[in-house]
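**Q** When the sequence shown is numbered by the UniProt record's numbering, its final residue is 284 and no position is left out of the sequence of numbers.
Yeah, the Cβ is synthetic: ideal placement off N, Cα and C, and Gly gets one too.
Below you will find the structure I want to go over with you.
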Amino acid sequence: MTTPSQSSNEPQLDDKISSMKIPINPQRASTLTTNLEHIHSRISSVFSQQPPSAHLPPSTPRLVAVSKLKPASDILTLHNPPTSHTHFGENYVQELLEKSRLLPSSIKWHFIGGLQSNKATQLARDVPSLWAVESVDSEKKATLLDKGRAQSSNTTEPLRVFIQVNTSGEESKSGVSPDSEELVNLAKHIRDKCEHLHLQGLMTIGAIARSKATTPETENEDFICLRETRDKLAQALGIEEASLELSMGMSEDFEGAIRQGSNEVRIGSTIFGERPAKKDAKVL
């Protein structure tokens, strides 16, 4: 298997050729750059305004720009200088496959949508710069991701995975239940049986109503639940709490998520604006 250090210059050349084919609108680029910089400013301000008692993460949270249903030109705009953003999130396997072929391999892709078992192996095998899959909720899907990563000819680095936890208890939400034996068993399965995966942490989407009600005075129950679930899981696994990340918080509530210790926030509409209907979305 070829390691990154052994790879030739061909992928970089392909990146340049692909990128040259993607036109960027200067006015759109200005808007996106301003939006991204504003989000970074808001993230930084959370740290400076919180009391020592806040459950802040040890370092500035990772910002995943959720680019689902947005064109490749938007992603390339933010990946290019001056912003040089690297982490982007996608919800649909086919869309991610198309974008990863067009865009630079230096982008770090996050798959954050509902994962179908029949697409898990392809996802892990065919997206060489896939940085993380954040919606793992069964041993079967973890096993298939592990199989796909093992088949990848582009990297030997373990694929980071987050276990999705259904903190709100809504039937419409995917994820394993907090404090469940299923959660502990899944974590142990990833750690002990999936040599090509790395358990990065836990992820939740949470209830929309709780997101809208989140304020500095009224914290989101889903965020508290995920943090407490992470702490209990770490104890069950015999590892440090800090070794398991929290991925929680979106456009409407990411500041509250950071106050509860989120290591990563996933923000889409505040950066990219409203999304088109899936049937109207175009990669190019």
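Looking at C-alpha atoms only, which residue of Leu-237, Pro-128, Val-161 is the closest neighbour of Thr-143?
**A** Comparing Cα-Cα distances from Thr-143 to each of Leu-237, Pro-128, Val-161, the minimum goes to Val-161.
**Q** CA-CA distance, Gly-148 and Thr-156?
**A** 12 Å
**Q** Could you check how far apart the C-beta atoms of Ile-190 and Leu-56 are, in whole angstroms? I think they sit under 8 Å.
**A** With a Cβ gap of about 27 Å, Ile-190 and Leu-56 do not count as contacting.
**Q** Could you tell me whether the region 41-56 touches the region 83-99, using the rule of 3 or more Cβ pairs below 8 Å?
**A** no
**Q** Taking three-plus beta-carbon pairs below 8 Å as touching, is the region 29-44 in contact with the region 60-73?
**A** yes
**Q** Along the chain, where does the beta strand (DSSP E) containing Val-161 start, and where does it finish?
**A** 159-164
**Q** Have a look at Asp-146 and Pro-128 and give me their C-alpha separation to the nearest angstrom.
**A** 14 Å
**Q** Quick check: Ile-163 and Leu-186, are their CB atoms within less than 9 Å of each other?
**A** yes
**Q** Sorted by chain position, which residues of the same chain lie with C-beta nearer than 6 Å to Thr-83's C-beta, five sequence neighbours on each side aside?
**A** Excluding sequence positions up to five before and after Thr-83, its CB lies within less than 6 Å of the CB of Thr-33, Leu-36, all in the same chain and listed in chain order.
**Q** Cutting at 6 Å between CB atoms, please list the residues of its own chain near Gly-273, excluding the five before and the five after it.
**A** none
**Q** In terms of residue numbering, what span does the beta strand (DSSP E) encompassing Ser-135 cover?
**A** Note, Ser-135: beta strand (DSSP E), 130-136.
**Q** Residues in the same chain with beta-carbon distance under 6 Å from Asp-137, minus the five sequence neighbours each way, listed in chain order, please.
**A** Gln-164, Ser-174, Gly-175, Val-176
**Q** Roughly how many angstroms separate the alpha carbons of Asn-166 and His-87, rounded to a whole number?
**A** 24 Å
**Q** Using three-state DSSP, classify Ile-258 as helix, strand or coil.
**A** helix
**Q** Hey, Glu-255 and Gly-261: beta-carbon distance below 9 Å or not?
**A** Cβ distance not < 9 Å, so Glu-255 and Gly-261 don't count as in contact.
**Q** Look up Gly-201 in the DSSP assignment and say whether it is helix, strand or coil.
**A** strand
**Q** Beta carbon of Pro-158, beta carbon of Cys-225: below 9 Å?
**A** no
**Q** Using beta-carbon positions only, say whether Arg-266 and His-110 come within less than 9 Å of one another.
**A** Yes, the pair counts as a contact, with Cβ atoms nearer than the cut-off.
**Q** Taking the alpha-carbon positions, what's the Leu-183 to Leu-197 distance?
**A** Here the alpha carbon of Leu-183 sits roughly 16 Å from the alpha carbon of Leu-197.
**Q** Quick one, are the C-beta atoms of Phe-223 and Asp-253 less than 9 Å apart?
**A** At the C-beta level, Phe-223 and Asp-253 come within 9 Å of one another.
**Q** Look at Leu-237 and Leu-202 and say whether their C-beta atoms are less than 9 Å apart.
**A** Their beta carbons are not under 9 Å apart, which means Leu-237 does not touch Leu-202 by this criterion.
**Q** With distances taken Cα to Cα, identify the nearest neighbour of Glu-90 among Asp-280, Pro-276, Gly-268, Ala-277.
**A** Gly-268
**Q** Can you tell me whether Gly-113 is buried or exposed, with buried defined as 16 or more other CB within 10 angstroms of its CB?
**A** buried
**Q** Quick one: complete beta strand (DSSP E) runs, 3+ long, within the region 81-153?
**A** 87-90, 108-111, 130-136
**Q** What span of residues does the alpha helix (DSSP H) with Arg-230 cover, start to end?
**A** Counting along the chain, Arg-230 sits inside the alpha helix (DSSP H) bounded by residues 221-237.
**Q** On the DSSP letters alone, give me the boundaries of the alpha helix (DSSP H) that Glu-37 sits inside.
**A** 26-49
**Q** Below 9 Å between beta carbons: does that hold for Leu-103 and His-85?
**A** no
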